[in-house]
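Participant: One structure follows; several queries about it will come next.
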Amino acid sequence: MLQKHLDGYLSRMEGTLDRRREEKQVRALLGNYIRFVTGMQPIRRLGTLALERRFHLQLDEADIVGKIDRVNDVGDGEVEVIDYKTGSGKPMRWAYEAYFGQDLYDVQLALYYLACKYGFDDEGKPLGFQPRFLSLWYPKDWVWGSMRQDIFTVGRPAGLKEYREKVLEAGDLERSRDIVLHAINRIKGGHFEPAPRDLAGTCVTRFGSCPHSAICPYGGAPPE
262 MLQKHLDGYL SRMEGTLDRR REEKQVRALL GNYIRFVTGM QPIRRLGTLA
312 LERRFHLQLD EADIVGKIDR VNDVGDGEVE VIDYKTGSGK PMRWAYEAYF
362 GQDLYDVQLA LYYLACKYGF DDEGKPLGFQ PRFLSLWYPK DWVWGSMRQD
412 IFTVGRPAGL KEYREKVLEA GDLERSRDIV LHAINRIKGG HFEPAPRDLA
462 GTCVTRFGSC PHSAICPYGG APPE
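Numbering (our numbering), first residue to last: 262 to 485.
Here's what the structure looks like:
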């Protein structure tokens, strides 16, 4: 099974990868994932309800469109909402601060939660999912005898190890929603403050240097 998926991936990416290096990385990633999904699970997972589920979410008259990586059935009419991460994970306390805490800077899981509760599909039908878990899966990382997962449980604990589970309360989800609404209002108002460094055209973004630095004169003449 592993070789089949590996060959398919590498054939699609032929010419864009350092084959030996990438094959080693992909083999490790797929191996971790397959070992995980065929092994013991930390929570009850009864099956997959959706993959790459597209959604529309209306917030403050803004139409947010996205895709949820995966939705699992966990029983009792509830679901686990999963976001796959290709990089390395962080300890749970850091993940919580990034996604729901006071230092929040990533609203992806919060948007997935809101989409499940209040969003629609392309045909205008409610998604109608009731999230019990919001999970980050890191196939690249194999720790504590399993693939790394950060599992945020909504409303009540699931009895998992502290390093794996963090209970989300109403305030956590409300704070995330407020951050999204604040960003929407800034976009509507045209507020895109630059964050320059010493040289012109070198504003910092979450993706590194600004891709528009070659034509943006902020702080002086753009680089030639």
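Glycine is no exception: its CB is placed at the ideal position from the N, C-alpha and C atoms.
Counting along the chain, where does the beta strand (DSSP E) carrying His317 start and finish?
Facilitator: 308-320
Participant: Exposed or buried, what is Tyr294 when buried is set at 16 or more other beta-carbons lying within 10 Å of its beta-carbon?
Facilitator: Taking all protein chains shown into account, Tyr294 has 16 or more neighbouring C-beta atoms within 10 Å of its C-beta and is therefore buried.
Participant: Going by alpha carbons, who is nearest to Arg305 out of Ile440, Lys427, Tyr424, Gly420?
Facilitator: Comparing Cα positions, the closest option is Gly420.
Participant: Quick one: what's Ile343 bridged to in DSSP?
Facilitator: Note: Ile343 sits in a beta bridge opposite Arg331, Ser396.
Participant: Taking buried to mean at least 16 other C-beta atoms within 10 Å of its own C-beta, is Leu434 buried or exposed?
Facilitator: Residue environment analysis places Leu434 among the buried positions, since at least 16 neighbouring C-beta atoms fall within 10 angstroms of its C-beta.
Participant: Any idea if Pro484 is buried or exposed, counting beta-carbon neighbours within 10 angstroms, 16 or more meaning buried?
Facilitator: Here Pro484 scores only 47 on pLDDT, less than 50, and its place in the model should not be relied on; the value that follows carries that caveat. Pro484 is exposed by the Cβ-count criterion.
Participant: Use the C-beta contact count for Met301: other C-beta atoms within 10 angstroms, 16 or more gives buried, fewer gives exposed.
Facilitator: Looking at its Cβ environment, which holds fewer than 16 other Cβ atoms inside 10 Å, Met301 is exposed.
Participant: Can you check whether the C-beta of Leu290 is within less than 8 Å of a C-beta belonging to chain B?
Facilitator: This model lacks chain B altogether, as it is built from one protein chain only.
Participant: Do Trp398 and the ligand MG come close, with the Cβ less than 7 Å from some heavy atom?
Facilitator: You won't find the ligand MG in this model; it holds no ligand whatsoever.
Participant: Does the distance from the CB of Arg345 to the CB of Asp330 come in under 8 Å?
Facilitator: Just to set this straight, residue 345 is Tyr in the shown sequence, not Arg. Against a cut-off of 8 Å, the Cβ pair of Asp330 and Tyr345 comes out as a contact.
Participant: Where in the stretch 343-382 do unbroken runs of the alpha helix (DSSP H), each at least 4 residues long, occur, reported from the N-terminal end onward?
Facilitator: 353-360, 369-379
Participant: Tell me the residue span of the beta strand (DSSP E) that contains Glu384.
Facilitator: Glu384 -> no beta strand (DSSP E), and no H or E assigned at all.
Participant: Quick check on Gln286: does DSSP put it in helix, strand or coil?
Facilitator: helix
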